[in-house]
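This report refers to the structure that appears directly beneath it.
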Amino acid sequence: MKIVVCVKQVPDTWSEKKLDPATKTLDRASVDGVMNELDEYAVEEALKIAEATSGEVVVLSMGPEQSTETIRKALSMGADAGIHILDDGLAGSDAVATSLAIAKVIEGRGADLVIFGSESTDARMSVVPAMVAERLGLPQLTFANKVEAPGDGTVKAHRLTDYGYDVVEASTPAVISVVEKINEPRYPSFKGIMAAKKKPVETISLADAGIESASVGLGAAWSEVAEFADAPARAAGTIVTDEGDGGTKIADYLSEQKFI
Amino acid sequence: MNDLLDLTDELARRELAPRVDEYEREGRFPREVFTVLGGAGLLGLPYPQRWGGAEVGYTDYLQVLEILARRWLTVALGVSVHTLSCHALATAGTDEQRDAWLPDMLGGGLLGAYCLSETQSGSDAAGLRTTATREGDEYVLNGTKAWITHGGVADFYTVMTRTSPDRTAGITAFLVPGGTTGLSSATPERKMGMRGSVTAQVMLDDVRVPADRRLGEEGSGFRIALNALDSGRLGIAACAVGLAQGALDVAVDYARQREQFGSPIASFQGVSFTLADMATGIAAGRALYLDAARRRDSGEPFSTQAAMAKLFCTDMAMAVTTSAVQVLGGAGYVEDYPVERYMREAKVLQIVEGTNEIQRLVIGRALTQ
Ligand SMILES: Cc1cc2nc3c(=O)[nH]c(=O)nc-3n(C[C@H](O)[C@H](O)[C@H](O)COP(=O)(O)OP(=O)(O)OC[C@H]3O[C@@H](n4cnc5c(N)ncnc54)[C@H](O)[C@@H]3O)c2cc1C
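Going line by line, the protein sequences match chains A and B. Every number in the working numbering is 1068 more than the matching position in the first sequence, counting from 1. Every number in the working numbering is 32 more than the matching position in the second sequence, counting from 1.
Structural data, given as structure tokens:
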């Protein structure tokens, strides 16, 4: 089974993020980049399926130069090869453009499964996997917290819902997005890190992929950030002084706010 | 090697930091953490690739220990002791023995123990009484080993025994698997610090091992044990520097936030001079262990330098952790902050793998003999 797993380098969740006033996009240069946390689960799931089916895992990332670190991380966890979609023209791409580039590059590579994390911690839209599936004309099994892909042309998943999960099934090739807790992502081993240095990473530009630069990048974005402002300072809370009637006062407050 | 240190840092942040307070408070041994570290390849770092090690130099291996100790001494010391326990087989074993056992010992799934001390023989290690008697194709081991790190939880034990009355030339090393009949352990010691680490007596009661479990010739065990300790002491030095660094981290943080007399206490020279001395001691200790490690890596003699590094770094860690408590004042004396634990933990490093008096003895001998 051939699996393409898509990963994104995002600003470290714990670091303070800033918007660049000139482009009104995230300033990615000023913070450390890490692999999007949910993508670690995607890589782990891909590796588990590949191990069980003697398959192959190709890790794909679209992003600036430093995204190679995230590709190397997936390779050191055990992925076999990498693809880096790298082009200045991609900067500022929205979900629609991102899905276009990813779909174009995946198309024709014979992937049986394409696996994503269900959202990135920076944009948090959760739509790229579905858009890629749509563009490739493949079934989508999104928000999976359990995947069974025995390599017989079918794939089954537990799709998380507000109330529990749906059991969904499709034929391969298919697109999957996974949620947290689907597995326990492995750490790279020191040997894996050394081996990753020798694994092939293919770099693909817009021209290589046959994508017109007018259809991607900030200029092509369907949405525009008109303005942004600092988050308002948190207002001081309401302090209830207990003079024997603290409980009543709190209950009154909660009912005023329609919490109870 | 930055990759190795980055990986260690990630493991320390994600696996050690969230557990350390609870495990140390409850005296719980973090076996699963060693499994994770083993999976990442950290339980065989300085040994040959041929047997599954990573073949990194001591300069790198020791920095790994320092990073681990900065978060959790129990784990760093455990990795150091495990590495020590593999030393005898790796350096004195035959190729058949190494091919048979070393890959598993370095592979990350197993944890080792190093058994030299006995109740009556600590500093005077050659006074050990545990016996090994040859019977046909087997040796029969009898005696009690004391103070054994990982005693009862280890998967294999490197055991120093007596095969003849000659004080030093009568000592022989064996590699004993954990489940061997007759091998048992006592209730773990209740320690002043490092309570997550298991330290226990190991009893050998007619333990029979095939003769091919003997490491090196009969009578070569004392040299094997001391060689291992030269390297082990470097591990203790690195652990001490990491522990001290952890204490400095907390002290600096606290001093910048705590205000008295209307300013952060860090702005008082009396406090910032303490912090400066702590940082200087740590930097000196780090330089000393790295210098000894460089000598080892380039094949030069290093045992005096290892003794100096162990002596200096562990005394430094005791002083630095004590200062950290002082910087935090009352908050330093209670369990809300980890510095009181660091201070209790530092003490053990002045005792294990040769007390600091014994290190001075080693250094003094090298100067005068
Ligand atoms: C937590 C812990 C873990 C340990 N883990 C292990 C382990 O895994 N394996 C193992 O084999 N051992 C282990 N030990 C044992 C440790 O190595 C010994 O405790 C140490 O060597 C000291 O021996 P002792 O306790 O018998 O002290 P003693 O030798 O009785 O020393 C008592 C005091 O006398 C001093 N002294 C002794 N001789 C001299 C001298 N000639 N000159 C000056 N001063 C001297 C010592 O420095 C010390 O201050 C561990 C100990 C502890 C506390």
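We put the CB at the ideal spot given by N, CA and C, even for glycine.
{"Item": "Residue environment, B/G331, which counts as buried when at least 16 other CB atoms sit within 10 Å", "Value": "exposed"}
{"Item": "Within-9 Å CB hit, B/G73 to chain A", "Value": "yes"}
{"Item": "Backbone CA spacing between B/L75 and A/N1251 [nearest angstrom]", "Value": "24 Å"}
{"Item": "Separation of B/L109 from B/T336, as counted between CA atoms", "Value": "21 Å"}
{"Item": "Cβ-based neighbour list, A/I1279, same chain, cut-off 8 Å, excluding 5 preceding and 5 following", "Value": "L1168, A1169, K1172"}
{"Item": "Straight-line gap, B/V68 to B/S229 (C-alpha atoms, nearest Å)", "Value": "17 Å"}
{"Item": "Bridge partner(s) assigned by DSSP for A/M1130", "Value": "A/I1153"}
{"Item": "CB contact flag (B/A276, B/M192, <9 Å)", "Value": "no"}
{"Item": "Residues near B/G264 by beta carbon distance below 7 Å, same chain, minus five either side", "Value": "S112, L116, E385"}
{"Item": "Contact list for B/V68 against chain A, beta-carbon separation under 8 Å", "Value": "Y1255"}
{"Item": "Under 9 Å between C-beta atoms of B/M350 and B/Q382", "Value": "yes"}
{"Item": "B/E170, enclosing beta strand (DSSP E) - first and last residue", "Value": "170–181"}
{"Item": "Backbone CA spacing between B/G317 and B/L100 [nearest angstrom]", "Value": "16 Å"}
{"Item": "Interface partners of B/L320 on chain A, CB under 7 Å", "Value": "None at all; the shortest Cβ gap to chain A is about 26 Å."}
{"Item": "Pair within 9 Å by beta-carbon distance, B/K379 and B/A269", "Value": "no"}
{"Item": "Cβ distance (whole Å) where A/F1211 is taken to contact A/V1196 below 8 Å", "Value": "Contact doesn't hold; Cβ gap of about 13 Å is too wide."}
{"Item": "Which residues DSSP lists as bridging B/M192, in chain order", "Value": "B/A205"}
{"Item": "Proximity of B/G70 and B/G184 at Cβ, strictly below 9 Å", "Value": "no"}
{"Item": "Closer than 8 Å: B/C271 CB and nearest ligand 1 heavy atom", "Value": "no"}
{"Item": "Close beta carbons around B/I256, own chain, < 7 Å, minus the five adjacent residues each side", "Value": "A120, A124, A205, L247, G248"}
{"Item": "Sub-9 Å separation of B/P209 and B/Y189 beta-carbons", "Value": "yes"}
{"Item": "B/Q301, DSSP secondary structure in three states", "Value": "helix"}
{"Item": "Which listed residue (B/T213, B/P197, B/M375, B/T354) has its alpha carbon closest to that of B/D238", "Value": "B/T213"}
{"Item": "B/A260 CB to nearest heavy atom of ligand 1 below 8 Å", "Value": "no"}
{"Item": "Buried versus exposed, by CB contacts within 10 Å (16 or more), B/G84", "Value": "buried"}
{"Item": "Cross-strand partners of A/E1216 (DSSP beta bridge)", "Value": "A/K1224"}
{"Item": "Spatially closest choice to B/V234 from B/G278, B/D244, B/I180, B/V282, by CA coordinates", "Value": "B/I180"}
{"Item": "Beta-bridge pairing of B/R166 - partner residues as DSSP gives them", "Value": "B/Y171"}
{"Item": "Within-9 Å CB hit, B/E42 to chain A", "Value": "yes"}
{"Item": "A/G1160 beta carbon less than 9 Å from that of A/T1093", "Value": "yes"}
{"Item": "Residue span of the beta strand (DSSP E) that contains B/D237, given as start and end", "Value": "231–242"}
{"Item": "Neighbour-count burial assignment, A/P1218, 16 or more Cβ in a 10 Å radius", "Value": "exposed"}
{"Item": "B/F388 to B/Q358 span [Cα, whole Å]", "Value": "Note that residue 388 of chain B is Asn in the sequence shown here, rather than Phe. The straight-line gap from Cα to Cα measures roughly 24 Å."}
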